[in-house]
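What follows is a single structure, written as structure tokens, with notes after it.
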Amino acid sequence: AVCNSNPTPCNDPPDKLFTVHGLWPSNRNGPDPEKCKTTALNSQKIGNMTAQLEIIWPNVLNRSDHVGFWEREWIKHGTCGYPTIKDDMHYLKTVIRMYITQKQNVSAILSKATIQPNGTNRPLVDIENALRRGTNNTKPKFKCQKNSRTTTELVEVTLCSDRDLTKFINCPPGPLKGSRFFCPPSVQY
Numbered sequence: 649a650v651c652n653s654n655p656t657p658c659n660d661p662p663d664k665l666f667t668v669h670g671l672w673p674s675n676r677n678g679p680d681p682e683k684c685k686t687t688a689l690n691s692q693k694i695g696n697m698t699a700q701l702e703i704i705w706p707n708v709l710n711r712s713d714h715v716g717f718w719e720r721e722w723i724k725h726g727t728c729g730y731p732t733i734k735d736d737m738h739y740l741k742t743v744i745r746m747y748i749t750q751k752q753n754v755s756a757i758l759s760k761a762t763i764q765p766n767g768t769n770r771p772l773v774d775i776e777n778a779l780r781r782g783t784n785n786t787k788p789k790f791k792c793q794k795n796s797r798t799t800t801e802l803v804e805v806t807l808c809s810d811r812d813l814t815k816f817i818n819c820p821p822g823p824l825k826g827s828r829f830f831c832p833p834s835v836q837y
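Under the working numbering, the first residue of the sequence shown carries the number 649, and numbering increases by one thereafter.
As structure tokens, this is what we get:
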């Protein structure tokens with residue numbers, strides 16, 4: 649769906665699954681903090697994490713620049729996570745841990761509920777209910793976009809956690825009606 653809604657086509661359309669977009673702190677009220685420090689990502693230290701990160705957190709718009717994407721996410725969002733996020737490598741390890749061991753794999757949660765990415769329209773409430781069952785009944789946040797065929801596709805699912813990154817919490821409401829990211833009651837997935 650990200651490839652369908654992006655003005656620049658994806659170089660290599662990824663598999664039909666949800667991957668990590670990022671990990672960033674948020675404010676309950678007001679804009680999310682950004683670029684809190686100017687600390688660059690030390691790409692030399694990524695080493696054996698690369699293979700896992702390329703699968704769970706790929707740069708879907710440019711498959712040849714995963715490290716650049718992770719660095720941009722670190723600078724924009726990760727640097728604002730202190731003291732929970734200690735440094736750049738802790739940031740990357742936390743993403744892996746949350747995806748794999750804390751069961752924040754949205755595609756796996758939906759698959760378990762027999763909701764497959766087959767391009768059909770389905771009630772958004774069915775997707776929400778499946779995710780709630782997989783996250784201790786906490787409310788996710790959705791982002792949608794109209795694709796070139798004027799069908800509204802689900803492009804992003806946000807799962808929220810507490811400040812210590814130890815448990816799921818309810819997400820704040822998603823984009824409001826009128827926003828280009830608003831999700832109607834029925835979406836394509």
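Here a beta-carbon is modelled for each residue, glycine too, at the ideal position from N, C-alpha and C. Quick caveat: nothing in here was measured; it's all calculated off a predicted structure.
Checklist entry - With a cut-off of 8 Å, do at least 3 Cβ pairs link the stretch 778-794 to the stretch 729-737? => result Contact between the stretch 778-794 and the stretch 729-737 is absent, with fewer than three C-beta pairs closer than 8 Å.
Checklist entry - Is the stretch 719-726 touching the stretch 794-808 in the sense that three or more CB pairs, one from each, lie closer than 8 Å? => result No contact exists between the stretch 794-808 and the stretch 719-726.
Item to check | Cross-strand partners of Gln793 (DSSP beta bridge) | outcome: Within the sequence shown, residue 793 is the residue found at index 145, counting from 1. In the DSSP secondary-structure assignment, Gln793 is bridged to Glu801.
Next on the checklist: Report the CB separation of Cys792 from Cys831 in whole angstroms; it is logged as a contact under 8 Å.
Outcome noted: Along the sequence shown, one-based indexing puts residue 792 at 144. Along the sequence shown, one-based indexing puts residue 831 at 183. At roughly 4 Å, the Cβ-Cβ gap stays under 8 Å, so Cys792 and Cys831 are in contact.
Next on the checklist: Let me confirm a value: Asn785 is counted as buried when at least 16 other C-beta atoms fall within 10 Å, else exposed. Which label applies?
Outcome noted: For this step, residue 785 is matched to residue 137 along the sequence shown. Within a 10 Å sphere around the beta-carbon of Asn785 sit fewer than 16 other beta-carbons, which makes this residue exposed.
Next on the checklist: Within a Cβ cutoff of 7 Å, which residues of the same chain sit near Ser755, ignoring the five residues on either side of it in sequence?
Outcome noted: The sequence position of residue 755 within the sequence shown is 107, counting from 1. Leu665, Phe666.
Next on the checklist: Taking its Cβ as the centre, do 16 or more other Cβ atoms sit within 10 Å of Val708, making it buried, or is it exposed?
Outcome noted: In the sequence shown, the residue the question calls residue 708 occupies position 60. It counts as buried.
Next on the checklist: Based on DSSP bridge pairs, tell me the residues matched to Phe717.
Outcome noted: Stepping through the sequence shown from its first residue, residue 717 is reached at position 69. Residue pairing by DSSP places Phe717 in no beta bridge whatsoever.
Checklist entry - Looking at the unbroken alpha helix (DSSP H) that takes in Arg781, where does it start and where does it end? => result Residue 781 sits at position 133 when you count from the first residue of the sequence shown. Note, Arg781: alpha helix (DSSP H), 772-782.
Next on the checklist: Using only the alpha-carbon positions, how far apart do Asn788 and Leu807 sit?
Outcome noted: As a first step, residue 788 must be located in the sequence shown, where it is residue number 140. As a first step, residue 807 must be located in the sequence shown, where it is residue number 159. In the sequence under discussion, the amino acid at residue 788 is Pro, which differs from the Asn named in the question. Approximately 5 Å between the Cα atoms of the pair.
Checklist entry - Grouping DSSP H, G and I as helix and E and B as strand, with all else coil, what is Cys808? => result Residue numbering aside, residue 808 sits at position 160 when the sequence shown is read from its first letter. Looking at Cys808 - three-state DSSP - the assignment turns out to be strand.
Checklist entry - Hey, quick one: how far does the beta strand (DSSP E) through Leu835 stretch, first residue to last? => result Locating residue 835 in the sequence shown gives position 187, where the first residue counts as 1. Rather than Leu, the amino acid found at residue 835 in this sequence is Val. It spans 834-836 - the beta strand (DSSP E) in which Val835 sits, taken as one unbroken run.
Checklist entry - Which of the three DSSP states, helix, strand or coil, is assigned to Asn769? => result Locating residue 769 in the sequence shown gives position 121, counting from the first residue. Of the three classes helix, strand and coil, the one that applies to Asn769 here is strand, per DSSP.
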